[in-house]
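In this note's numbering, the protein residues as written are 3 to 410.
Here is the structure:
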């Protein structure tokens with residue numbers, strides 16, 4: 003019976019490995035030109051369709067320009083998205099920005115997924131730039147995940163791999179000095195927020211980690227480690243991280259994982275930061291402030307090549323969903339900027355940059371190239387994008403009136 007049970011388990015796994023192998027062998031045929039064109043003319047369309055996203059962005063900016071400014075202290079806010087190894091680009095932007103002498107001290111920093119680690123180093127300032135460079139140019143997949151026989155992990159941990167290596171990395175990051183620096187930054191009124199997902203509610207949980215580090219709980223360091231570990235614990239790949247909470251005097255254990263499935267980027271503020279004035283609801287309560295959004299990857303996923311097998315179709319849909327989620331989150335932040343008076347700034351990996359197609363595979367060569375590219379951007383002082391995704395030429399999904407096109 004035991005042998006037959008194992009046999010039934012191994013058969014689908016073997017089939018899956020065959021499917022994975024078949025799906026990975028894709029011909030490098032040239033892409034159709036309209037897949038990457040910035041301007042497409044629909045030969046059957048009677049006239050140009052209105053550009054909804056671009057018109058919306060322009061209207062929001064016009065409304066913002068007409069609102070009165072409230073007398074508040076301007077803030078510098080940084081939001082770092084997830085992105086796995088693609089986060090190396092954002093790490094490079096921050097280090098290059100420091101070397102340019104123009105990087106501000108951030109009043110609020112948020113991070114999710116791999117962006118949580120980047121956010122913590124950015125919050126703590128240039129002192130931690132060597133950590134940014136080290137962790138995002140040298141780590142490998144083996145430094146984060148440990149793969150064992152799949153049946154063992156699935157049966158025992160309900161996951162494909164162990165996060166033991168990542169736990170050791172977190173232990174290395176969260177030192178007494180790191181915790182002391184968190185408390186010192188929090189004491190000045192600055193705030194750092196990290197996001198995870200509660201597996202049972204499947205909703206975003208935002209942690210004010212500076213408050214946790216500065217609190218009276220004796221296990222604050224352990225809690226900080228768990229939050230940082232959970233922020234990059236991909237559900238299904240590695241086990242969730244248990245975090246105990248007390249509700250109405252009763253102890254409960256929540257299961258937390260990477261929050262990238264419910265939010266790709268977000269912003270929160272501390273209680274002491276400026277808020278809308280009910281007596282003057284049209285005033286821009288964050289006038290003069292800046293929001294910097296660093297995408298952990300490109301704004302749009304690269305087109306798939308060749309004939310698409312089972313795995314390419316399945317993972318391609320998940321990938322497309324995450325990219326679309328980031329763009330939706332960026333739009334929400336752009337809207338916040340428009341009504342509050344903040345200036346919106348966005349940077350992402352340039353679309354023509356060759357990258358490894360799997361963000362959770364950490365290759366030092368790829369990460370070093372992305373880091374160097376981001377470093378050059380940060381150092382050069384190049385202009386950040388000030389418009390939301392979908393509002394630039396070639397980005398909006400216009401209706402099709404036929405099946406014949408001309409591209410430029």
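All C-beta atoms in this analysis are idealised placements derived from N, C-alpha and C, irrespective of residue type, glycine included. Bear in mind that the values here come from a model prediction, so they are computed numbers and not experimental data.
Within the segment 99-145, the complete alpha helix (DSSP H) segments of 4 residues or longer fall at 116-126, 131-137, listed in chain order. Residue state for residue 209 is assigned as strand, using DSSP reduced to three classes. Residue environment for residue 188: buried (at least 16 other C-beta atoms within 10 angstroms of its C-beta). Setting aside the 5 residues that flank it on each side, residue 172 is surrounded in the same chain by 227, 230, 231, each with a C-beta closer than 7 Å to its C-beta; the list follows chain order. About 4 Å separates the beta carbon of residue 336 from that of residue 390, a gap short enough to meet the 8 Å contact definition. Judged by DSSP in its simplified three-state form, residue 162 adopts coil rather than helix or strand. Here the segment 85-94 lies against the segment 130-142, with 3 or more beta-carbon pairs under 8 Å apart. Non-local beta-carbon contacts of residue 339 in its own chain, meaning distances under 7 Å to residues more than five positions away in sequence, involve 293, 345, 346 in chain order. Counting along the chain, no beta strand (DSSP E) covers residue 394, and no H or E run does either. In this chain, the alpha helix (DSSP H) harbouring residue 325 covers 312-342.
With contacts defined as CB atoms closer than 8 Å, residue 238 and residue 114 fail to qualify as a contacting pair. Within the segment 45-90, the runs of beta strand (DSSP E) that reach at least 3 residues and sit entirely inside it are, in chain order, 78-82. Under the DSSP definition of a beta bridge, residue 260 partners with 198. Only exposed fits residue 57, as fewer than 16 other CB atoms lie within 10 angstroms of its CB. Residue pairing by DSSP puts residue 253 in a beta bridge opposite 248. Between residue 355 and residue 83, the C-beta gap is not smaller than 8 Å, which leaves the two residues out of contact.
Per DSSP, residue 348 is one residue of the beta strand (DSSP E) stretching across 345-349. Here residue 275 is buried, its C-beta having at least 16 other C-beta atoms within 10 Å. As DSSP reads the structure, residue 237 sits in a beta bridge with 240.
For residue 364, the CB contacts under 8 Å within the same chain, skipping 5 residues up- and downstream, are 86, 87, 141, 142, 143, 145, 146 in chain order. Beyond the five residues adjoining it in sequence on each side, residue 181 comes within less than 8 Å, by CB distance, of 215, 222, 223, 226 in the same chain, given in chain order.
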